[in-house]
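Right, one structure below, let's go through it.
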Amino acid sequence: MKQYLDLEDIKDLDNLIQKAITLKNNPFHHQELGRNKTIGLLFFNSSLRTRLSTQKAAQNLGMNVMTLDLKTDSWQLEFEEGSIMDTTKAEHIKEAAAVISQYVDIIALRAFPTLIDKEQDQKETILKSFQKYASVPVVNMESATAHPLQALTDAITITEHSIVKRPKVVLSWAPHPKALPHAVPNSFAKVMQMMDVDFSITHPKGYELNPEITQNTPIIYNQEEAIENADFIYAKNWSSYTDYGKILSTDQRWMINLEKLNNAKFMHCLPVRRNVIVDDSVLDSDQSLVIQQANNRTYAAQAVLKELLENL
Ligand code: SN0
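For the sequence shown, the numbering used here assigns the number 302 to the last residue and increments by one with no breaks.
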């Protein structure tokens, strides 16, 4: 693997899932691989799991870790080619990415969408500019349109917890007070299409994700019908894609409760708004996998970093 910008960078998903599970059983087995190698974790947005699990994954592989909060601790970056930089932005991505590449062997980056400018978000300007001007591999820690480390985590978690050969997996939209990105549902839909599962999506009308991503995945507008006999219910809020970045519904009837969960396992990437997305009783039950999912973030990141280190 030369980079991990999106799920397309995975050659063999089943194989990578198995490698992650092997690492989980023996996390310190490859401490020599990362010796004297450094990862730079760069954040334009908040993080809890991604920051700590990626740091832990790198340390498990013997790497050094440097973290930079680009929102508050660094110069404001200019991404536009040919820009006359006479206002607030002090440093161009051309220098920034090249300079960071002198200090680290892998760059990992988080850059959320604007949810205002659809075209700019779809172009993945920040992630792609780092990839273009860095001379080291780039890892996506959630960009405008994708969260491939979360999706790999989710694939690992479903693999570990499946009791039937071809589980029924439903991605359900749920209400939220804030407009949220499409990255998590996009990447979850993509990774489910790569696996042997019975996958469908349920959401209110107007919340259709990018059709280039959902492709022929069934979309069922009736949540009750969609989740019937599900083995896994993955809840997530996202804002409208067609009416870009808008909140079209906050209908509490879409919240997941124990009655809806029935015999299914509950999944969410976290952070989760209790009693808005999902009822306390679900999160506090044994059917919730959210903590196991968060734990798997380490091994998803570790499997990816190991592949990158082997190709440096
Ligand atoms: C982010 C999202 O993409 O939905 C990160 C998830 C891994 N979630 C949020 O921004 C939630 C913020 C909130 O206010 O609940």
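Quick reminder that beta carbons are idealized off the backbone N, C-alpha and C, glycines included.
Can you check which of these residues, the options, is closest to residue i by C-alpha distance?
i	options	result
V262	L67, Q277 and M245	M245
K155	L23, H166 and D221	D221
I281	Q49, G235, M257 and S177	M257
L58	V268, F120 and L32	L32
Q242	H193, E218 and D276	H193
Note down the Cα distance separating residue i from residue j, rounded to an integer number of angstroms.
i	j	result
R264	N130	27 Å
L251	L13	31 Å
I7	V89	34 Å
L273	V266	12 Å
M185	D(-1)	16 Å
Y197	L238	8 Å
S275	D188	24 Å
With DSSP run on the structure shown, which of helix, strand or coil describes residue i?
i	result
E70	coil
V266	coil
I210	strand
D4	helix
M131	coil
Y123	helix
K168	coil
F33	strand
For residue i versus residue j, is the C-beta distance shorter than 8 Å?
i	j	result
I148	I11	no
I224	V160	Ile is not the amino acid found at residue 224; the sequence shown has Tyr there. Yes, these two residues count as a Cβ contact at 8 Å.
H137	W228	no
T28	M53	yes
V126	V94	yes
L60	H20	no
T143	A179	no
Assuming the contact rule is C-beta atoms closer than 8 Å, residue i and residue j should be a hit. Round their C-beta distance to whole Å, please.
i	j	result
S190	I210	6 Å
K79	E71	So it is not a contact: roughly 13 Å between Cβ atoms.
A134	F102	7 Å
K226	A164	7 Å
Y231	N200	6 Å
K9	A293	5 Å
Less than 7 Å separating the Cβ of residue i from some heavy atom of the ligand GDP?
i	result
V174	This structure does not include the ligand GDP; its bound ligands are the ligand SN0.
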